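Position 395, counted from 1, in the sequence shown is what numbering that gives the first Met the number 0 calls 394; the numbers after and before it change by one each time, with no gaps.
Backbone N, C-alpha and C fix where the C-beta goes; we use that ideal spot for every residue, glycine too.
Just so it is clear, the structure is predicted and the values come from calculations on it, not from any experiment.
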Amino acid sequence: MELCRFGRVLVLGATLSISAGSIGGCGQLSASTSDDGLSVVIPAAASADMAESPQALPARQIAEPADAVVPETLTHTPRTLTITGSGDILIHPSLAAQAAANGGASDPDFAPLLADVKPLISKADYSICHAETPFSPPGYRQPSPHYYVHPNLATGIKAGGFDDCSIASNWTFDKGIEGVRRTIKSLNSAGVNQAGAAANPRAQRVAVRDVNGIRVAHLSYTDPGDSPGVQGSEWAVNRQTPAEIAADARLARDQGAEIVVVSLAMGEMGSVELSGSQKSAAKTITAGGDVDYVIGHGSHTVQPAQKFNDTWVVWHGNLISSFFPDQTRMLTGLVSGVTFTEVSDGHFDVTSLEGYPVASSKGTSARSIDIVRAGCGGSGQYASQWQMIVDAESKAIALGMQFPEPCK
């Protein structure tokens, strides 16, 4: 299947022809659960009283130490893997009402909200989303604020083509530990892997999964300075420092990961520029060379993608939201498509990065819109959002990030 649907891309205001690459379908993934049936986080080192490692993993291959000589040749045909990242799935009341209208108040259907962008998502080998709020029925309440969404969102995420979801955010603990457990259980039941939170203190932060024969680790974290409500249950939500995140990435390598992706919820709400803390975190996380790609979200706006230590860090805005409907930037997002190609045995480089602009539509048929597929909305109502994204990514385009042709 093709990830790059477009035969032309934008480069610094001009267009040039490219060949559309092809990728395979999503591989089957395996994950274990702990004794309580709730945790889908796979321990980095299993023991008798901890969840087992994923059975689909082949014999572990320990990554070379930092000072080892990396092989410069391949002994087999190069392997490739495509991964998509995207912005926040943030279900405000109007979107929840739309889901209820789709399926009924007791059985809301969120799948139509993501149906238009599913072709962008499902064509990758592995697609990663970000669920901003916990999944919980209305009956359980924490003191305000208490954002939550119906657990049916998990099946909507699966229907939208996602394989994995980061769930570490500043809202993750809004329904307490029971909300965290319900979120993990709901995603697990829907067949969606998760990273960023744990149902019990025995669950570990690092999971390595087999995706089409390639060992991939997805790690998820939120800004420790912006995630209240975990006192006494610090283990429940990943709130590590950048240095600790880098150490987790090293651990993933030691557990045999050939590709390490980090999801990071961080940033000042509504800001179109990176903060000093975002830049500092990106530098520290990527400094050790163990992280291959960073999927950023947190400001609810598309911010400039940059390379730190030769590693792409892309900030995605919102995939779907009715956040401040009078603020167009909050209704704009980015889906990124990354191609990893094996350059030497067990070592992968990013060989292409593509950006696909999306927007949240308003009204009674609210959904996430693939702007280009929608023809910029026919009358061009999404053209300004397309331009916002391209303007934000002008430096990234100069570094090789590819976009579809502009809205006409």
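Through-space distance from residue j to residue i, alpha-carbon basis
i	j	result
Arg-252	Gly-374	42 Å
Val-389	Arg-201	44 Å
Leu-273	Gln-254	32 Å
Glu-233	Gln-239	10 Å
Ser-21	Glu-131	With a pLDDT of only 36 at Ser-21, under the threshold of 50, the placement of this residue in the model should not be trusted; the figure read from the coordinates follows. When rounded, the distance between both Cα atoms is 31 Å.
Gly-159	Val-210	19 Å
Ser-105	Ile-120	28 Å
Lys-174	Leu-94	20 Å
Leu-318	His-129	9 Å
Leu-73	Phe-347	11 Å
Ala-248	Leu-263	13 Å
Leu-113	Asn-101	13 Å
Glu-404	Leu-333	15 Å
Trp-170	Tyr-146	7 Å
Lys-306	Gly-103	45 Å
Lys-157	Pro-111	12 Å
Phe-402	Val-290	24 Å
Leu-80	Ala-246	24 Å
Tyr-381	Gly-269	19 Å
Val-312	Ser-188	31 Å
Lys-282	Thr-310	9 Å
Gln-203	Gly-288	22 Å
Gly-178	Tyr-292	29 Å
Val-148	Ser-359	18 Å
Proximity to residue i [Cα-Cα], best of the options
i	options	result
His-299	Ala-194, Ser-321, Ser-93, Ala-98	Ser-321
Glu-267	Asp-247, Asn-101, Ser-276	Ser-276
Val-116	Ser-367, Glu-392, Ile-396, Gly-399	Ser-367
Val-357	Pro-241, Pro-118, Thr-74	Pro-118
Ile-213	Thr-310, Tyr-125, Pro-107, Phe-402	Tyr-125
Lys-122	Val-337, Tyr-146, Ser-359	Val-337
Ile-82	Ile-370, Val-290, Ser-335, Ser-359	Ser-335
Gly-231	Ala-246, Ile-284, Phe-172, Ala-189	Phe-172
Ile-176	Ala-235, Lys-157, Val-312	Ala-235
Lys-314	Asp-369, Ala-110, Lys-278	Strictly speaking, residue 314 in this sequence is Trp, with Lys absent from that position. When each option's Cα is compared against that of Trp-314, the closest is Lys-278.
Lys-361	Phe-323, Arg-372, Ser-343	Phe-323
Gly-190	Gln-384, Phe-161, Thr-310	Phe-161
His-75	Gln-384, Ser-343, Val-148	Ser-343
Close Cβ partners of residue i (< 6 Å) along its chain, the five nearest in sequence each way excluded
i	result
Gln-97	Ala-365
Gly-195	Ser-165, Ile-166, Ala-167, Ser-219, Asn-237
Ser-185	Phe-134, Pro-150, Ala-153
Ala-215	For the sequence presented, residue 215 should be read as Val rather than Ala. Cβ neighbours of Val-215 beyond the five flanking positions: Arg-208, Ile-258.
Ala-286	Asn-308
Asp-163	Ile-127, Asn-192, His-217
Ile-244	Tyr-220, Ile-284
Whole-Å CB distance - residue i paired with residue j, under 8 Å assumed
i	j	result
Ile-127	Gly-84	5 Å
Val-260	Ile-294	7 Å
Pro-241	Ala-304	Contact flag wrong, Cβ pair sits at about 18 Å.
Gly-297	Met-329	So it is not a contact: roughly 13 Å between Cβ atoms.
Close Cβ partners of residue i (< 7 Å) along its chain, the five nearest in sequence each way excluded
i	result
Pro-77	Thr-340, Glu-341
Met-400	Ala-304, Leu-352, Gly-354, Glu-392
Ala-99	Pro-107
Ser-46	Any reading at Ser-46 needs caution, since the residue's pLDDT is 32, under 50, leaving its predicted position unreliable; the model's value is listed next. Cβ within range, chain order: n/a, list empty.
Ser-383	Thr-327
Phe-109	Ala-98, Asn-151, Leu-152, Gly-155
Gly-316	Gly-86, His-299, Thr-300, Val-301, Thr-331, Gly-332, Leu-333
Other residues of its chain near residue i: CB distance less than 8 Å, five sequence neighbours each side excluded
i	result
Met-387	Val-301, Thr-327, Arg-328, Thr-331
Trp-385	Pro-356, Ile-370, Val-371, Cys-375, Pro-405, Cys-406
Chain B within 8 Å of residue i, Cβ atoms only
i	result
Val-116	The structure shown contains no chain B; it is built from a single protein chain.
Is there contact between the stretch 85–94 and the stretch 206–223, where contact requires at least three CB pairs shorter than 8 Å?
no
Contact between the stretch 351–358 and the stretch 395–403: three or more CB pairs below 8 Å?
When Cβ pairs closer than 8 Å are counted between the two stretches, the stretch 351–358 is seen to touch the stretch 395–403, the count reaching three or more.
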